[in-house]
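Chemist: Every letter in the sequence shown is one number past the one before it in this note's numbering, and letter 112, counting from 1, is 173.
Don't be surprised by glycine CBs; every beta carbon is placed ideally from N, CA and C.
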Amino acid sequence: MSHQYTAYPLGISRLFRRDGNHSHRGYLYITSMSPGLLANDHLTLSLNLTANTQLFLTDQSATKVHPMPISGSKASNDYDIEIGERAFLEFIPHPIILFKQASFEQKIKIKCHPKGQVFWSEIIIPGRLTRGEFYDFNYYFNRLEVTGLEGELWFTEAMRLEGKDNPFKTDHLFASCPILGNIIIIFPPQNLQLLKEKLEKFEPVNGWDLKIGTSILPQHKGLLVRAIANNTEEFKTYLKYAVNCVRYLNHHPMLSDKIL
C-alpha cells in the first residue's frame, strides 16, 4: 500500500496477509468511530488499485442509518474506485441497516481495466427487525456506474427502494425474505458462463428460504446477482460461496472461514 489518507470518523487498518503462502492479496478493514450515519452525513471513499494488485476490503461492522425525521434530510456515501491491469478488488462490506425514518443514498463509480476484476456486494436490512421495524425507513437509493479506464460505459444501474410507502412490503415474498443482497462481478468473458453456472448450483441448507437470480452484464463484462433471504447468515453463506467460485476460477486460495 503506497498511500492512504483518512479523516474522522473513518480509519483504516494496517494491511494483513491471510492467504498463507499466497501473499499477493492484502486484507484491509475500514473502521469508524461513529455510531452510524446521521442526517446530512456524507462520506467518500476513493481507492486506486494499480496493476497486479489484489485487495480484500471490508468494514468493521454494519452501517447503521439512523432516523432522519426532518423532511429532505439524508445521509450519503460516495465510492470512487479505479482498477488497474490484472488488479482484483473484493469489496464485501457488512450489512446496511435502515432504521425507521432513515434516508440513505449511495453513488458508486468503478473504472476498470479490461483485464481487471471486481467482486462488489451489499446487504440491505429494511429496519431493526428484532425491534419490530420493517420497511419503516423513508428510502434507499443506489446508483452504480462501471466504465473502462477511458470512460467508456460498461454498465449502469439505479435502484430506489421505498420504505414506509412501499406498496409491496406486506407481500409474502418480502415478508418471508426481508434480507436483500446484491453482487456485481466484473470478470473475464471467457469463463463467464462457467461462473454463472457455478453460482446457480448453490444448494441451500434444508429449511433455508434463499432465492437467487443471475444475469450477464452488457458486453459480457461480468455478472449481476440478486438474492433475497430470510436472515443475513443465509446470504453471507452464499456470499462466501460466490467469492470462492471466483477465486477457484482464478486459481486463488479459498476465503478463510474466519473472515466472513
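Please go through the same chain and pick out, in chain order, the residues whose beta-carbon is closer than 6 Å to the beta-carbon of Ile-185, but skip the five residues on each side of it.
Modeler: If we look at Ile-185 and ignore the five residues flanking it on each side, its Cβ neighbours are Ile-157 and Leu-241.
Chemist: Strictly by DSSP, which residues pair up with Trp-181?
Modeler: In the DSSP output, where bridge partners are listed per residue, Trp-181 has Phe-152 and Ile-245.
Chemist: State the Cα-Cα distance for the pair Pro-228 and Ser-164, rounded to the nearest angstrom.
Modeler: 18 Å
Chemist: For Pro-279 versus Phe-216, is the C-beta spacing smaller than 8 Å?
Modeler: yes
Chemist: Secondary structure at Phe-195, three-state DSSP: helix, strand or coil?
Modeler: The three-state reading of DSSP puts Phe-195 in coil, since its state is none of H, G, I, E or B.
Chemist: Can you have a look at Glu-294 and say buried or exposed, based on whether 16 or more other CB atoms are within 10 angstroms of its CB?
Modeler: Exposed, since its Cβ has fewer than 16 Cβ neighbours within 10 Å.
Chemist: Give a yes or no on whether the C-beta atoms belonging to Leu-104 and Asn-138 are separated by under 8 Å.
Modeler: yes
Chemist: Using the three-state DSSP reduction, which class does Glu-143 fall into: helix, strand or coil?
Modeler: strand
Chemist: Return the CA-CA distance between Arg-79 and Gly-87, expressed in angstroms with no decimal places.
Modeler: Note on geometry: alpha-carbon atoms of Arg-79 and Gly-87 lie some 8 Å from one another.
Chemist: Have a look at His-312, Tyr-309, Ser-134 and Ala-303 and flag the residue whose alpha-carbon is nearest the alpha-carbon of Leu-321.
Modeler: Ala-303
Chemist: Could you name the residues of the same chain whose beta carbon sits closer than 6 Å to that of His-83, not counting the 5 residues immediately before and after it, in chain order?
Modeler: Taken in chain order, the residues that qualify are Pro-314.
Chemist: Are the beta-carbon atoms belonging to Tyr-201 and Lys-230 less than 8 Å from one another?
Modeler: In this structure, Lys-230 does not lie closer than 8 Å to Tyr-201 by Cβ.
Chemist: Where does Cys-173 sit, in a helix, a strand or coil, going by DSSP?
Modeler: Correct three-state label for Cys-173: strand.
Chemist: Between which residues of its own chain and Asn-311 is the CB-CB distance below 8 Å, once the five residues before and five after are set aside?
Modeler: Phe-149 and Gln-178
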